[in-house]
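Novice: One structure follows; several queries about it will come next.
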Amino acid sequence: MRDNVKVGLLGLGTVGTGVVKMIQNHQEQLVHRVGCPVEVTKVLVKDVEKKRDVELSQDSLTLDPYDVINDPNVDVIVEVMGGIDQTKQYLLDALNQKKHVVTANKDLVALYGSELSKAAAENGCDFYYEASVAGGIPIIRGLADGLASDKIQKLMGIVNGTTNFILTKMNKEGMSYDVALKEAQDLGFAEADPTSDVEGLDAARKMAILARLAFSMNIELDDVDVSGISAVSDSDLKHGQTLGYTMKLIGYADQSDARAEVSVQPTFLSNDHPLAAVNDEFNAVYVYGEAVGETMFYGPGAGSLPTATSIVSDLVAVITNMRLGVNGQSISAPQFEKQLKTAEEKYAKYFIRLHVRDEVGAFSELTKLFSSNSISFEKILQLPLDEEGVAEIVIVTHKASLENYQKMQEQIKDLAVVHSIESFYRVEGEGAK
Numbered sequence: 001m002r003d004n005v006k007v008g009l010l011g012l013g014t015v016g017t018g019v020v021k022m023i024q025n026h027q028e029q030l031v032h033r034v035g036c037p038v039e040v041t042k043v044l045v046k047d048v049e050k051k052r053d054v055e056l057s058q059d060s061l062t063l064d065p066y067d068v069i070n071d072p073n074v075d076v077i078v079e080v081m082g083g084i085d086q087t088k089q090y091l092l093d094a095l096n097q098k099k100h101v102v103t104a105n106k107d108l109v110a111l112y113g114s115e116l117s118k119a120a121a122e123n124g125c126d127f128y129y130e131a132s133v134a135g136g137i138p139i140i141r142g143l144a145d146g147l148a149s150d151k152i153q154k155l156m157g158i159v160n161g162t163t164n165f166i167l168t169k170m171n172k173e174g175m176s177y178d179v180a181l182k183e184a185q186d187l188g189f190a191e192a193d194p195t196s197d198v199e200g201l202d203a204a205r206k207m208a209i210l211a212r213l214a215f216s217m218n219i220e221l222d223d224v225d226v227s228g229i230s231a232v233s234d235s236d237l238k239h240g241q242t243l244g245y246t247m248k249l250i251g252y253a254d255q256s257d258a259r260a261e262v263s264v265q266p267t268f269l270s271n272d273h274p275l276a277a278v279n280d281e282f283n284a285v286y287v288y289g290e291a292v293g294e295t296m297f298y299g300p301g302a303g304s305l306p307t308a309t310s311i312v313s314d315l316v317a318v319i320t321n322m323r324l325g326v327n328g329q330s331i332s333a334p335q336f337e338k339q340l341k342t343a344e345e346k347y348a349k350y351f352i353r354l355h356v357r358d359e360v361g362a363f364s365e366l367t368k369l370f371s372s373n374s375i376s377f378e379k380i381l382q383l384p385l386d387e388e389g390v391a392e393i394v395i396v397t398h399k400a401s402l403e404n405y406q407k408m409q410e411q412i413k414d415l416a417v418v419h420s421i422e423s424f425y426r427v428e429g430e431g432a433k
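Structure representation (structure tokens):
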């Protein structure tokens, strides 16, 4: 039995501070759980003189990452500094020093998770990244351990708190996108430059990680089709509400016949879908398993202590493995060769909002075009507009292939009766339907 386990921390920002607080404040619980004390002994910081609200000896602070990585007494490296390429090199060097690694870095894991996992396995080390997706929600461990015996068929997730907060304000309070974004920034839910969040890039990184794990397939970030919420309008949301839908930025991953698709896009959810009730900055991931059926993981998607909780849980798993002598043995290469669905194999319902000329035969021309592409209507709204001679038509289709849908999108632009194409969105129904 070890006398204690020593942790090296790369980064002491909001999350890093939360990790130190949890280790120090929950020491009795940790000792009971892992059988020995856990101590943060070396920490990479930007300023060793900065006043902090955690107690760390001055000797433990350093400006050089390799003081942490090369310290022979450090057993586990916890990375919460951010960054991608240089940080990857730091973690590869740590693994080659036979040090276990825990990270909260979604960008890094999305791009280089497979490479880091391989390096960990080659060195008999653990590489854990629970906190990289959905903050304090144990979705990674849920997929890797809790649902390991099942075959995951589909994931749907709200995995970005910023966009969920904005859409909640737009849906519930009638705020415009710009006003909701400003409030999110004022409250600290959105960065000064919100592009990564509102354009879906943050969610795409998380969905690549989840799909890779769920489908045991080397899904990469470039395999994720991405669109964000910056073009979502008040009119879209009002029409969606009329039809019984709530707008969310949904990460979607589906696998059938050994072929996968992964996307992030604004999606109208039926109000009966459990994800439709996930509001504000909260995250949730809905999982469809062949055996278990439907399950949902819900909770805070970010924040110092929720994220630190996931990191320290990974740390406990590493130390438990150390005591059992099984580090590095839980990592396995993807089981299946990556095969992605073609547009012909992707099916969904769609919401389409058009401005058309208010004249006899206009709707007949639309119907003919949709029918020629094997797309049928499930719901239709026709509404007058202030502009003379123009009407607004909102259509929700039955399920159609993406190939046919894209053909229709191109062809509809050439219809003389179509004044403008206002918006297109995916639609998801109740539960697993």
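For the sequence shown, UniProt numbering begins at 1 and goes up steadily by one. Ideal placement from N, C-alpha and C gives every residue a C-beta, glycine not left out. These numbers come from a predicted model, not from an experiment.
Can you list, in chain order, the residues of its chain whose CB lies under 6 angstroms from that of Lys6, leaving out five sequence neighbours each side?
Specialist: These residues qualify, in order along the chain: Glu39, Thr41, Asn73, Val74 and Asp75.
Novice: By alpha-carbon positions, which one of Ile137, Leu415, Lys341 and Gly142 ends up nearest to Ala284?
Specialist: Closest option to Ala284, Cα to Cα, is Ile137.
Novice: Kindly list the residues whose CB is nearer than 7 angstroms to the CB of Val19, restricted to its own chain and excluding five residues on each side of it in sequence; keep chain order.
Specialist: Cβ neighbours of Val19 beyond the five flanking positions: Leu9, Val78, Val80, Ala308, Ile311 and Val312.
Novice: Use the C-beta contact count for Tyr66: other C-beta atoms within 10 angstroms, 16 or more gives buried, fewer gives exposed.
Specialist: Flag for Tyr66 reads exposed.
Novice: Relative to the alpha-carbon of Val278, which residue among Lys399, Thr103, Lys346 and Met156 has its alpha-carbon at the smallest distance?
Specialist: The option with the nearest alpha carbon to Val278 is Met156.
Novice: Tell me the start and end of each unbroken beta strand (DSSP E) in the UniProt domain "ACT" (351–426) that is at least 3 residues and wholly inside, in chain order.
Specialist: Runs of the beta strand (DSSP E) inside the UniProt domain "ACT" (351–426): 377–384 and 390–397.
Novice: Does DSSP put Lys248 in a helix, in a strand, or in coil?
Specialist: Reduced to three states, the DSSP call for Lys248 is strand.
Novice: Give me whichever residues DSSP pairs with Lys349 in a beta bridge.
Specialist: Val427.
Novice: Tell me whether Tyr288 sits in a helix, a strand or coil according to DSSP, three-state version.
Specialist: Correct three-state label for Tyr288: strand.
Novice: Taking 6 angstroms as the limit between beta carbons, can you name the residues of its chain near Ala211, skipping five residues before and five after?
Specialist: Same-chain partners within the cutoff: Ile219, Ala253 and Val262.
Novice: Taking Cβ to Cβ, would you say Lys346 is nearer than 8 angstroms to Val396?
Specialist: Cβ distance not < 8 angstroms, so Lys346 and Val396 don't count as in contact.
Novice: Which of helix, strand or coil does DSSP assign to Glu55?
Specialist: Of the three classes helix, strand and coil, the one that applies to Glu55 here is coil, per DSSP.
Novice: Near Gly16, which residues of its chain fall below 6 angstroms by C-beta distance, leaving aside the five closest residues on each side in sequence?
Specialist: Around Gly16: Leu9 and Val80.
Novice: Say yes only if the C-beta of Gly157 is nearer than 7 angstroms to one or more non-hydrogen atoms of the ligand NAP, and no if none qualify.
Specialist: As presented, the structure is devoid of all ligands, the ligand NAP included, so that no description of it is given.
Novice: Taking just the CA atoms, how far does Asp3 sit from Thr195?
Specialist: Going by the C-alpha atoms only, they are around 47 angstroms apart.
Novice: Between the Cα of Gln24 and those of Asp53, Gly11 and Leu44, spot the shortest distance and give me the residue it belongs to.
Specialist: Of the listed residues, the one whose Cα sits closest to Gln24 is Asp53.
Novice: Could you give the distance in angstroms between the alpha-carbon of Val224 and the alpha-carbon of Ile140?
Specialist: Going from the Cα of Val224 to the Cα of Ile140 covers about 19 angstroms.
Novice: Beta strand (DSSP E) containing Phe297: first to last residue?
Specialist: Unbroken beta strand (DSSP E) run through Phe297: Gly293 to Pro300.
Novice: Is Lys6 helix, strand or coil when you go by DSSP?
Specialist: Three-state result, Lys6: strand.
Novice: Please confirm whether Gly240 has its beta-carbon closer than 8 angstroms to some beta-carbon of chain B.
Specialist: In summary, chain B is missing from the structure at hand, where a single protein chain is found.
Novice: Taking C-alpha atoms, which residue in Glu191, Ala214 and Gln58 lies nearest to Gly149?
Specialist: Residue 149 is actually Ser in this sequence, not Gly. Closest option to Ser149, Cα to Cα, is Ala214.
Novice: I'd like the list of long-range same chain contacts for Arg426, defined as Cβ closer than 6 angstroms, with 5 residues on each side in sequence excluded.
Specialist: Only Gln265, Thr267 and Ala348 meet the Cβ criterion.
Novice: Starting from the C-beta of Val316, find all residues in its chain whose C-beta is less than 8 angstroms away, skip the five residues before and the five after it, and write them out in chain order.
Specialist: Hits under 8 angstroms: Leu30, Arg33 and Val34.
Novice: Quickly, what does DSSP pair Ser263 with across the bridge? List them, please.
Specialist: DSSP lists Asp225 and Tyr252 as partners of Ser263.
Novice: Whole angstroms are fine: how far does the CA of Tyr245 sit from the CA of Arg357?
Specialist: Arg357 and Tyr245: Cα-Cα distance of roughly 27 angstroms.
Novice: For the stretch 365–383 against the stretch 325–337, are there 3 or more C-beta pairs whose distance is under 8 angstroms?
Specialist: Touching, no, given that fewer than three Cβ pairs across the two stretches are closer than 8 angstroms.
Novice: What does a CB cutoff of less than 7 angstroms around Glu422 pick up in its chain, not counting 5 residues either side in sequence?
Specialist: Arg353, Leu354 and His355, listed in sequence order.
Novice: What's the C-alpha gap between Met207 and Glu359?
Specialist: When rounded, the distance between both Cα atoms is 45 angstroms.
Novice: Go ahead and pull the three-state DSSP assignment for Tyr129.
Specialist: Looking at Tyr129 - three-state DSSP - the assignment turns out to be coil, as it is neither helix nor strand.
Novice: Could you tell me whether the Cβ atoms of Phe424 and Gln406 are closer together than 8 angstroms?
Specialist: Result no, Cβ atoms of Phe424 and Gln406 do not sit closer than 8 angstroms.
Novice: Just mark Ile380 as buried or exposed, buried being the case when its beta carbon has 16 or more other beta carbons within 10 Å.
Specialist: Flag for Ile380 reads exposed.
Novice: Are the CB atoms of Glu183 and Lys169 within a distance shorter than 8 angstroms?
Specialist: Going by C-beta atoms, Lys169 is nearer than 8 angstroms to Glu183.
Novice: Quick check on DSSP: helix, strand or coil for Val102?
Specialist: Reduced to three states, the DSSP call for Val102 is strand.
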